[in-house]
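In the working numbering, the protein residues as written are 189 to 320.
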């Protein structure tokens, strides 16, 4: 599936939640960032995720800190390459972003922070050391 098709299907609610996992979220964020300026990608991606969660009757699962942190990490990694890349190339170079449990956010945030209502509602800056 192309990036445009993925975005369209996601925004149309045509992707089943049971088949949409962490790596799919990362790819979706990558595709938004390839098409839109960072702030617009952040707004569109966040809004689409909120709609997706609400459509699944799981609006409480949307987590702003996790969403924004991953999008910003992906944006930084794209910028560091200095050249256009495909999703496959990006995924191969940034496999750490595809790990969910115990992944890159555990190097940036204390678990108590991510578990907080504040972090769920609004973006919270990292409270641990920096990722490599």
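Ideal Cβ placement from N, Cα and C applies to all residues, glycine included.
From a predicted model like this one, the values you see are computed outputs, not experimental measurements.
Check: Contained alpha helix (DSSP H) runs [length at least 4] in the region 221-263, N- to C-terminal order; Outcome: 226-243
Check: Residue 216 - DSSP class collapsed to helix/strand/coil; Outcome: helix
Check: Reduced DSSP category for residue 313 - H, G, I as helix; E, B as strand; rest coil; Outcome: coil
Check: C-beta contact flag for residue 242 and residue 296 at 8 Å; Outcome: no
Check: Alpha-carbon spacing of residue 244 relative to residue 280, whole angstroms; Outcome: 31 Å
Check: Residue closest to residue 195, alpha-carbon to alpha-carbon, out of 209, 213, 206; Outcome: 213
Check: Close Cβ partners of residue 137 (< 7 Å) along its chain, the five nearest in sequence each way excluded; Outcome: Since the first residue of the chain shown is 189 and the last is 320, residue 137 is not available in this structure.
Check: Inter-residue Cα distance where the pair is residue 192 and residue 219; Outcome: 8 Å
Check: Three CB pairs or more closer than 8 Å across the region 229-240 and the region 194-210; Outcome: yes
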